[in-house]
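Chemist:
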Amino acid sequence: MKKIVFLFTLVAFCFSCNKDLVEKPDNLIDKKVMGNILYDMALLEALKYQNSEVLYQKGINPKTYIFEKYKVDSLQFAKSNAFYAADYREYKKMFDELNDRLKKEKDVFDLAIKKELKNGVAIKKAKLKKTQDSIKKAKEFKLKKVKDSIAKLKAKANIRIAKEK
Numbered sequence: 193m194k195k196i197v198f199l200f201t202l203v204a205f206c207f208s209c210n211k212d213l214v215e216k217p218d219n220l221i222d223k224k225v226m227g228n229i230l231y232d233m234a235l236l237e238a239l240k241y242q243n244s245e246v247l248y249q250k251g252i253n254p255k256t257y258i259f260e261k262y263k264v265d266s267l268q269f270a271k272s273n274a275f276y277a278a279d280y281r282e283y284k285k286m287f288d289e290l291n292d293r294l295k296k297e298k299d300v301f302d303l304a305i306k307k308e309l310k311n312g313v314a315i316k317k318a319k320l321k322k323t324q325d326s327i328k329k330a331k332e333f334k335l336k337k338v339k340d341s342i343a344k345l346k347a348k349a350n351i352r353i354a355k356e357k
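Its first residue numbered 193, the sequence shown is counted upward by one per residue in our numbering.
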């Protein structure tokens with residue numbers, strides 16, 4: 193009797209492990225599209241906490257925006273998310289790909305910011321040089337003008353001296 197119960201339990205256990213924890217929904221969101229949805233959600237959530245005024249000024253609610261963009265509803269998203277989350281390894285792989293994608297985007301933006309800052313510094317240096325050159329030219333012009341004035345005064349003085357003789 194114990195052997196029969198043990199055998200029955202063993203067989204039941206083996207068959208129950210082969211079952212999916214969550215049934216595949218009828219309108220399952222494709223894995224790639226699901227990755228894109230999670231990516232966009234991550235970006236919008238970050239934006240919401242960094243600069244939420246932009247979203248509110250444009251009248252964007254992050255979740256409804258995503259659902260409208262991908263033409264899915266919240267129930268379809270929830271069921272698909274639960275289905276993918278049931279397979280831990282695949283779900284982790286999706287999030288690893290998401291993190292890689294976010295890191296690549298961050299690197300691109302960091303590089304663009306560095307270039308922009310470098311260009312900004314170069315522009316400031318060019319403006320400073322131009323200002324310094326303008327100041328130098330103005331001083332040289334003023335000095336030349338003073339020299340010319342002195343030369344004119346000397347010339348007038350020489351003319352007066354010559355007339356007086």
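We put the CB at the ideal spot given by N, CA and C, even for glycine.
Assuming Leu239 and Leu230 make a contact with CB atoms under 8 Å, what is their CB distance in whole Å?
Modeler: Position 47 of the sequence shown, counting from 1, holds the residue named residue 239. Position 38 of the sequence shown, counting from 1, holds the residue named residue 230. Wrong, their Cβ atoms sit about 15 Å apart, outside the cutoff.
Chemist: For the region 203-272, which segments carrying the alpha helix (DSSP H) assignment without a break, of at least 4 residues, lie completely within its bounds, in sequence order?
Modeler: The region 203-272 contains these whole alpha helix (DSSP H) runs: 223-242, 244-250, 254-262.
Chemist: Please check the pair Ala373 and Val214, which I expect to be a contact at CB under 8 Å, by giving their CB distance rounded to whole angstroms.
Modeler: Absent from the model: residue 373. The displayed extent of the chain is 193 to 357, so no value can be given.
Chemist: Buried or exposed for Phe275, going by 16 or more other Cβ atoms inside 10 Å?
Modeler: Here the question's residue 275 lines up with position 83 in the sequence shown. Buried, since its Cβ has 16 or more Cβ neighbours within 10 Å.
Chemist: Under 7 Å Cβ to Cβ from Lys304, same chain only, skipping five residues before and after it: list those, please.
Modeler: Locating residue 304 in the sequence shown gives position 112, where the first residue counts as 1. Looking at the sequence provided, one finds Ala at residue 304 rather than Lys. Closer than 7 Å at the Cβ level, and outside the excluded window around Ala304, lies no residue.
Chemist: Beta carbon of Ile258, beta carbon of Asp232: below 8 Å?
Modeler: Counting from 1 along the sequence shown, the entry for residue 258 is found at position 66. Counting from 1 along the sequence shown, the entry for residue 232 is found at position 40. Yes; because the gap between Cβ atoms is below 8 Å, this pair is in contact.
Chemist: How about Gln268: is its C-beta nearer than 8 Å to some C-beta of chain D?
Modeler: No chain D appears in this structure, which consists of one protein chain only.
Chemist: Taking all protein chains shown into account, do 16 or more other C-beta atoms lie within 10 angstroms of the C-beta of Ile342, making it buried, or fewer, making it exposed?
Modeler: As a position in the sequence shown, residue 342 is number 150, starting the count at 1. Exposed, by the Cβ-count rule.
Chemist: Kindly indicate which residue of Asp302, Asn219, Asn350, Lys344 has the alpha-carbon position closest to the one of Ser138.
Modeler: Summary: the structure shown does not reach residue 138, with the chain confined to residues 193 through 357, and so no result is reported for it.
Chemist: From Leu309 to Ile315, what does the alpha carbon distance come to, in whole angstroms?
Modeler: Reading the sequence shown from its first residue, position 117 is the one you call residue 309. Reading the sequence shown from its first residue, position 123 is the one you call residue 315. Looking at the two C-alpha atoms, the distance is approximately 10 Å.
Chemist: For Lys285 and Ala318, I'd like the C-alpha separation in whole angstroms.
Modeler: If you number the sequence shown from 1, residue 285 lands on position 93. If you number the sequence shown from 1, residue 318 lands on position 126. Lys285 and Ala318: Cα-Cα distance of roughly 49 Å.
Chemist: Less than 8 Å between the CB atoms is what I'm expecting for Glu282 and Pro254, so what's the real figure, rounded?
Modeler: Reading the sequence shown from its first residue, position 90 is the one you call residue 282. Reading the sequence shown from its first residue, position 62 is the one you call residue 254. With 8 Å as the limit, Glu282 and Pro254 do not qualify as a contact, their Cβ atoms being about 25 Å apart.
Chemist: Helix, strand or coil, according to DSSP, for Asp279 in the structure here?
Modeler: On the sequence shown, residue 279 is found 87 positions in, with the first residue counted as 1. Coil, per DSSP.
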